[in-house]
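In terms of my numbering, the sequence shown opens at residue 4 and continues consecutively. To start, the structure under review is shown below, and the notes come after it.
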Amino acid sequence: MTGFMHVMSFLGSAAFYVPVLVVLFWCVAPRLAARAAVVLLFSAFLNTLLKMVFHDPRPYWTDPSIEGKQSYTSFGMPSGHAQNAPVAWGFFAAQTRRWLVWTAAAILIVLIGLSRVHLGVHSISQVLAGWAVGLALLIAALGLEPVIVPWWTRRHLAVQMALALAVSLLLLAAAWGAFQPLQDWTWPDAWARAIQAAGGATEPLTLVDSARATGGICGVVAGLSLLASRGWFEPAAKLWRRVARVPVGLAGAAAIAALDGSHLVQTFVVQVVLGLWITAGAPEAFVRLRLASRTVPALTRSGEDREELPQ
């Protein structure tokens, strides 16, 4: 049972969502993946913010009878896995009216939440809170998207880029405000021992996770705006062209990610650049290497081949 719950937990983690969305964006359905990524990034930020606000311990930190089968040093309220599950799986289910898809999504959402309780890393209340926040965010995203996207696309590119940065900095400022009461906070000895017993290590609280989320929001939103101004790109192509995009994109992403660190500004900047690369730089490279074509050929620059790639 524990092995199965580890799998369910993985299906609700960033380690699963990020590579799946990146490959989906580069190779299959860029617009769908982009929409899901933006919502998930906002969810990630909101989760880091709420965890600082509540700074609630995980069950195995305070109850010796509970075995923490995974080690974490972030707070427990609300559960990030439970929160992101309805955001991610609910978002994809919302793209269809097939009841089988909705049923499968609902089962996954429930199992992901239950896996966190089974693994001892969240209480039932933390999972319920995560589900509630995630569902509210999903409903808000689906309701606001038809309003925000048309408004956004009518803005000049420079305005879009400035807004992406401004919104991200405002969110980071909100996280800074939530962090202030925790400036002098120290780990209770019992919590620290429980974390170490589970294989983790207590470290001073920082805003790095918030900087990572807000930097990602800035980079992805700005990159998508830049990509739209260039005419997007057409994912359809021969299989080898689609597959070849992955190592090209990952090479650039790995080089950028290697610059990440523990400093707040460094993390924010690296995530901005990484988001720009994934959403704009890599697609531009695909077009230049003839691994993809422009969706809107009229927006190609001088010297670019306007013909569609052979299928």
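Ideal Cβ positions, reconstructed from N, Cα and C, are used throughout, including at glycine. Since this is a predicted model, take the numbers as computed values, not measurements.
Minimum C-alpha distance to residue i - residue among the options
i: Leu166; options: Gly226, Leu131 and Pro149; result: Gly226
i: Gln98; options: Leu145, Glu70 and Pro62; result: Leu145
i: Leu14; options: Ala256, Asn87, Ile281 and Arg215; result: Asn87
i: His159; options: Glu237, Leu229 and Val42; result: Leu229
i: His3; options: Ala169, Ser77 and Ala108; result: Shown here, the chain extends from 4 to 314; a query on residue 3 therefore has no answer.
i: Val152; options: Gly264, Ala231 and Val31; result: Ala231
i: Thr205; options: Val211, Ala197 and Asp212; result: Ala197
i: Trp64; options: Ala195, Val223 and Trp280; result: Ala195
i: Ala214; options: Lys241, Asp192 and Ser265; result: Ser265
i: Pro191; options: Arg61, Phe28, Gly278 and Ala17; result: Arg61
i: Leu175; options: Leu111, Val150 and Val211; result: Val211
i: Glu287; options: Ala109, Val251, Gly203 and Ala200; result: Val251
i: Arg233; options: Ala254, Arg291 and Ala216; result: Arg291
i: Leu141; options: Leu44, Arg119, Gln129 and Val26; result: Leu44
i: His315; options: Gly123, Val130 and Ala107; result: In this structure the chain extends from 4 to 314, so residue 315 is not present and cannot be described.
i: Arg245; options: Ser171, Phe19 and Phe28; result: Phe28
i: Ser68; options: Pro22, Ala200 and Pro89; result: Ala200
i: Trp135; options: Met8, His121, Ile112 and Phe7; result: Note on residue identity: the sequence assigns Ala, not Trp, to residue 135. Nearest C-alpha to Ala135: Ile112.
i: Thr106; options: Leu117, Gly93 and Gly116; result: Gly93
i: Thr189; options: Asp263, Gly180 and Thr209; result: Thr209
i: Phe289; options: Phe271, Ala240 and Val276; result: Ala240
i: Val249; options: Asp263, Thr282 and Cys221; result: Thr282
i: Gly116; options: Ser16, Ala254, Phe271 and Ala261; result: Ser16
i: Glu237; options: Leu49, Val26 and Cys30; result: Cys30
i: Leu53; options: Phe182, Thr5, Glu148 and Leu103; result: Phe182
Range of the contiguous alpha helix (DSSP H) that encloses residue i
i: Ile142; result: Ile127 to Thr156
i: Glu287; result: Ala285 to Arg291
i: Gln186; result: Per DSSP, Gln186 belongs to no alpha helix (DSSP H) and is neither H nor E.
i: Val268; result: Leu267 to Leu279
i: Ala260; result: Leu242 to Ala260
i: Gln199; result: Asp192 to Ala200
i: His58; result: Counting along the chain, His58 falls outside any alpha helix (DSSP H), and DSSP gives it neither H nor E.
i: Pro215; result: According to the sequence displayed, residue 215 carries Arg and not Pro. From DSSP, the alpha helix (DSSP H) with Arg215 extends over Val211 to Arg233.
i: Phe236; result: Careful: Phe236 lies outside any alpha helix (DSSP H) and carries neither H nor E.
i: Thr65; result: Pro62 to Thr65
Collapsed DSSP secondary structure at residue i in the structure displayed
i: Gly15; result: coil
i: Ser118; result: helix
i: Ser74; result: coil
i: Ser46; result: helix
i: Ser296; result: strand
i: Leu312; result: Note that Leu312 scores a pLDDT of 48, beneath 50, so its modelled location is shaky and nothing firm can be said.
i: Val23; result: helix
i: His84; result: helix
i: Gln98; result: coil
i: Val170; result: helix
i: Met8; result: helix
i: Ala32; result: coil
i: Leu208; result: coil
i: Gly203; result: coil
i: Gly264; result: coil
i: Val124; result: coil
i: Ile110; result: helix
i: Gly79; result: coil
i: Arg304; result: Its pLDDT being 41, under 50, Arg304 is placed unreliably by the model, and the measurement read from it follows with that caveat. It is coil, neither helix nor strand.
Contact belief for residue i with residue j at Cβ below 8 angstroms, rounded distance in angstroms
i: Gln163; j: Gly218; result: At roughly 17 angstroms, the Cβ-Cβ gap does not stay under 8 angstroms, so Gln163 and Gly218 are not in contact.
i: Thr51; j: Ala178; result: 7 angstroms
i: Trp235; j: Thr156; result: No, Trp235 and Thr156 are not in contact; Cβ-Cβ is about 12 angstroms, not under 8 angstroms.
i: Met80; j: Leu185; result: Not quite, the Cβ-Cβ distance comes to about 14 angstroms (not below 8 angstroms), so this is no contact.
i: Met11; j: Leu114; result: 5 angstroms
i: Phe95; j: Ala37; result: The pair is not a contact, with the Cβ atoms about 13 angstroms apart (cut-off 8 angstroms).
i: Ala247; j: Leu294; result: 5 angstroms
i: Val223; j: Gly284; result: Their Cβ separation, rounded to whole angstroms, is 12 angstroms, which puts Val223 and Gly284 out of contact at 8 angstroms.
i: Arg119; j: Ser82; result: 5 angstroms
i: Ala32; j: Ala216; result: No, Ala32 and Ala216 are not in contact; Cβ-Cβ is about 24 angstroms, not under 8 angstroms.
i: Leu122; j: Met8; result: 6 angstroms
i: Tyr75; j: Gly203; result: 7 angstroms
i: Leu90; j: Val42; result: The question names Leu, yet the displayed sequence has Val at residue 90. Correct: roughly 6 angstroms between the Cβ atoms.
i: Trp280; j: Ile259; result: 6 angstroms
i: Val124; j: Gly71; result: 6 angstroms
Residue i at chain C interface by Cβ criterion, 8 angstroms
i: Val26; result: Among the protein chains of the structure shown there is no chain C, as only one such chain exists.
Heavy atom of the ligand HEM within 7 angstroms of residue i beta-carbon
i: Ala231; result: The ligand content of the structure shown is nil, which means the ligand HEM is not present either.
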